[in-house]
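Visitor: Quick note: to get the numbering used here, add 145 to the position in the sequence shown (first position is 1). What follows is a single structure, and I will ask about it in a moment.
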Amino acid sequence: MIKVLVVEDDVQLVRALRINLEARKFEVETASDGKAALRLAFARKPDVIVLDLGLPDIDGIDVIKEVRKTSGVPILVLSARHTSEEKIRALDAGADDYVTKPFSMDELLARLRAAARRGEAPAPSAEVSVVTTDDFSVDLIAKKVRREDRTVRLTPTEWHLLEILITNPGRLVSQRKLLLDVWGPTYSEHTNYLRVYMAQLRRKLEADPSHPRYLITEPGMGYRFEG
Ligand code: CA
146 MIKVLVVEDD VQLVRALRIN LEARKFEVET ASDGKAALRL AFARKPDVIV
196 LDLGLPDIDG IDVIKEVRKT SGVPILVLSA RHTSEEKIRA LDAGADDYVT
246 KPFSMDELLA RLRAAARRGE APAPSAEVSV VTTDDFSVDL IAKKVRREDR
296 TVRLTPTEWH LLEILITNPG RLVSQRKLLL DVWGPTYSEH TNYLRVYMAQ
346 LRRKLEADPS HPRYLITEPG MGYRFEG
């Protein structure tokens, strides 16, 4: 049973989350402020944390930083804040993904499952060597991509980008993380690089590059691979 810690001060929302999560066989713990969240995160070792950023005592971002000092537990942020800057701060502090309020329960559950799956698999690339979609397959060990029985030639940069996204299925990877991992710290603001390289990858992999099915853009935020 997956143990979820829900950190949220909105009583109505906590109740709705508890009912929906318990109905789907999650074990639910709740905290209504940051201090209780940190105590439970430490004492109860949840499998995944759902965290509201606007808490009455400690800023949600600081809760993430504090949890990250001792734990790699997946954290899914609930954000009522509309600026992407706030979400990027949360991701940079160590959150795994976010859902913007108001959200549908289905969306939250999908994100929660993806986050929990990630928590279970410490090194996804070591376990999954070939990722197959309806349109192409990626062999992460041989570093080969095949589409319609032909090998797709990728540049090292394209490969590196694809590899990061594919080993984080369903999960938002921030622009900053991609730029940092692929190009290095001095390029962290060069989001235009990402646009160019993602367009190339889509041309090579997507059936309809202008309406991507696998390599999804989250405007202003980052990219997500949907398998
Ligand atoms: Ca709140």
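Even glycine gets a Cβ: it sits at the ideal position worked out from N, Cα and C.
For F187, count the other beta carbons within 10 Å of its own beta carbon; 16 or more makes it buried, fewer makes it exposed. Which is it?
Guide: F187 comes out exposed.
Visitor: What residues are listed by DSSP as bridge partners for S224?
Guide: BP columns for S224 point to T245.
Visitor: Would you call the stretch 228–236 and the stretch 353–368 touching, i.e. three or more CB-CB distances under 8 Å?
Guide: Because the criterion of three Cβ pairs below 8 Å is met, the stretch 228–236 and the stretch 353–368 touch.
Visitor: Would a C-beta distance cut-off of 8 Å place Y243 and S224 closer than the cut-off?
Guide: Yes.
Visitor: Can you determine whether any heavy atom of ligand 1 sits closer than 7 Å to the C-beta of G179, and answer yes or no?
Guide: Answer for G179: no, Cβ out of range of ligand 1.
Visitor: Using the C-alpha atoms, what's the distance from D279 back to R291?
Guide: Their backbone Cα atoms lie some 11 Å apart in a straight line.
Visitor: Note down, in chain order, each residue of its chain lying with its Cβ closer than 8 Å to the Cβ of T296, except the 5 sequence neighbours on either side.
Guide: Hits under 8 Å: K289 and V290.
Visitor: Quick one: give me the first and last residue of the alpha helix (DSSP H) that Y338 is part of.
Guide: It spans T336 to L350 - the alpha helix (DSSP H) in which Y338 sits, taken as one unbroken run.
Visitor: With distances taken between CB atoms, is the gap from K190 to E174 smaller than 8 Å?
Guide: No, the pair does not count as a contact, with Cβ atoms beyond the cut-off.
Visitor: Just list the beta strand (DSSP E) runs in the stretch 158–245, keeping only unbroken ones of 3 residues or longer that don't cross its boundaries, in chain order.
Guide: Segments of the beta strand (DSSP E) lying fully in the stretch 158–245: 172–176, 193–197, 220–224 and 242–245.
Visitor: Measuring alpha carbon to alpha carbon, tell me which of D197, L306 and P354 ends up nearest I220.
Guide: Comparing Cα positions, the closest option is D197.
Visitor: Is it the case that the CB of R199 approaches a heavy atom of ligand 1 more closely than 7 Å?
Guide: Note on identity: in this sequence residue 199 is Gly, with Arg being the wrong assignment. Result yes, Cβ under 7 Å from ligand 1.
Visitor: Report yes or no: do three or more beta-carbon pairs, one from the stretch 346–354 and one from the stretch 298–317, lie closer than 8 Å?
Guide: The stretch 346–354, when compared against the stretch 298–317, does touch it at the 8 Å Cβ threshold.
Visitor: So, at 6 Å on beta carbons, what are the nonlocal neighbours of S355 in its own chain, with the 5 sequence-adjacent residues on each side left out?
Guide: Around S355: no qualifying Cβ.
Visitor: Within 10 angstroms of the Cβ of Q157, are there 16 or more other Cβ atoms? Answer buried if so, exposed if not.
Guide: That one is exposed.
Visitor: Does the beta-carbon distance from V208 to A182 come in below 8 Å?
Guide: Their beta carbons are under 8 Å apart, which means V208 touches A182 by this criterion.
Visitor: DSSP three-state label for E308, please.
Guide: The answer is helix: DSSP assigns E308 an H, G or I state.
Visitor: Would you grab the beta carbon distance between K210 and G239 for me? Rounded to a whole angstrom, and I think it's under 8 Å.
Guide: Indeed they touch by this definition, with Cβ atoms about 7 Å apart.
Visitor: Would A259 and G315 be called neighbours here (beta carbons separated by less than 8 Å)?
Guide: Yes. Within cutoff.
Visitor: Mapping the DSSP letters down to three states, classify F281 as helix, strand or coil.
Guide: Reduced to three states, the DSSP call for F281 is strand.
Visitor: Does the distance from the C-beta atom of L306 to that of L323 stay below 8 Å?
Guide: A contact, by the Cβ cut-off of 8 Å.
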